[in-house]
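Start counting at 1 in the sequence shown, then tack on 590, and there's your number in the working numbering.
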Amino acid sequence: INKSITLTASGTNRPTIYTSGDAHALNITVDNVTVSNLLVRYNGTTANRYGIFVNGSAATKRQNITIFRNNVTTLAFNTNYGIRVRYGFLVNLTENNVSTSGSDASNEGLYLDLNTNLTVSANIVLTNGTSSSIGIDVINTNTSTFTNNTIRTRGTVTGTNLGIFTVTWSSNNTISGNVINTSGGVANYGLQLQDSYNNNASSNTINTSGTTDAGGIVLNGVSANNSISANMITAKGTSTNNYGIYLIGPN
Numbered sequence: 591i592n593k594s595i596t597l598t599a600s601g602t603n604r605p606t607i608y609t610s611g612d613a614h615a616l617n618i619t620v621d622n623v624t625v626s627n628l629l630v631r632y633n634g635t636t637a638n639r640y641g642i643f644v645n646g647s648a649a650t651k652r653q654n655i656t657i658f659r660n661n662v663t664t665l666a667f668n669t670n671y672g673i674r675v676r677y678g679f680l681v682n683l684t685e686n687n688v689s690t691s692g693s694d695a696s697n698e699g700l701y702l703d704l705n706t707n708l709t710v711s712a713n714i715v716l717t718n719g720t721s722s723s724i725g726i727d728v729i730n731t732n733t734s735t736f737t738n739n740t741i742r743t744r745g746t747v748t749g750t751n752l753g754i755f756t757v758t759w760s761s762n763n764t765i766s767g768n769v770i771n772t773s774g775g776v777a778n779y780g781l782q783l784q785d786s787y788n789n790n791a792s793s794n795t796i797n798t799s800g801t802t803d804a805g806g807i808v809l810n811g812v813s814a815n816n817s818i819s820a821n822m823i824t825a826k827g828t829s830t831n832n833y834g835i836y837l838i839g840p841n
């Protein structure tokens, strides 16, 4: 999409945007775009492709983008991402159903890097990979809200599964009211804050199980001034390394 438009459907019959080639299914390169009520599919063999890509840069952030009530599926050989937002500002991801799975490597539902003022709410995110699965990957993203999402990550017995992963100086974010289930891998963590600060995680329901480690909320690296409160956590792995809240390093 290279023009400011609203791309939507009315009624129960949703149009499908589909690709099995080298390109992303939907690539947004301008501001002021709304995409809603569509079926978006990527089913190819090229790594690092996305169902929907909000594509900005350090010089030109993508602004005023709304991705609402879409069904996004990626089913490829290697490294699947449902929705990626890169260098976004005032981007709204709401009520989408995102499913990623493949026969090799990692799968991520929402991949959000280098953003400010995102609203990520009421999405259903399902991921399934052989190496690692991440529901919502938050990288150097600040002043954003992640609320009322339902996340299930399930990988193979050799992988690592994360519900929400914040990393690389992600700060001043609100993570609240989410329901997170992770299972199937060696290590399973519901919420991991790594090198992240001034975030608020509250009223989340987290269930984790793994064959080696199961952690509800993990803080590691240089993570400081984070508030963790009123979360309901169950960590039930097959080994003895089960943690409700686990602090590692100079938090």
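All residues carry an ideal CB built from backbone N, CA and C; glycine is no exception.
In this structure the segment 676–684 does not lie against the segment 716–723, because fewer than three pairs of beta carbons, one per stretch, are closer than 8 Å. Residue pairing by DSSP puts I714 in a beta bridge opposite N687 and T740. According to DSSP, A804 shares a beta bridge with N778 and N832. With a threshold of 16 other beta carbon atoms within 10 Å, D612 falls short and is exposed. Secondary structure at R659: coil, using DSSP grouped into helix, strand and coil.
Residue environment for V812: exposed (fewer than 16 other C-beta atoms within 10 angstroms of its C-beta).
Note that the C-beta distance between N617 and F658 is not below 8 Å. Taken through DSSP and simplified to helix, strand or coil, S773 comes out as strand.
By the CB criterion at 8 Å, I770 and G745 fall outside the cutoff. Beta-carbon to beta-carbon, T669 and A649 are separated by about 27 Å, too far to satisfy the 8 Å threshold.
Rounded to whole angstroms, the gap between the alpha carbons of Y671 and Y640 is 5 Å.
At a Cβ-Cβ threshold of 8 Å, T596 and T624 count as neighbours. When beta bridges are read from the DSSP output, S723 appears opposite N697 and N751.
Nearest Cα to N751 within the set G725, V808 and G646: G725.
By the C-beta density criterion, S773 is buried, having at least 16 other C-beta atoms within 10 angstroms. Nearest to N797 by C-alpha distance, out of I765, Y787 and N832, is N832. Taking 8 Å as the cut-off, the Cβ atoms of V710 and N739 count as close. Using a 10 angstroms sphere on the CB of G780, the tally of other CB atoms reaches 16 or more, which defines it as buried.
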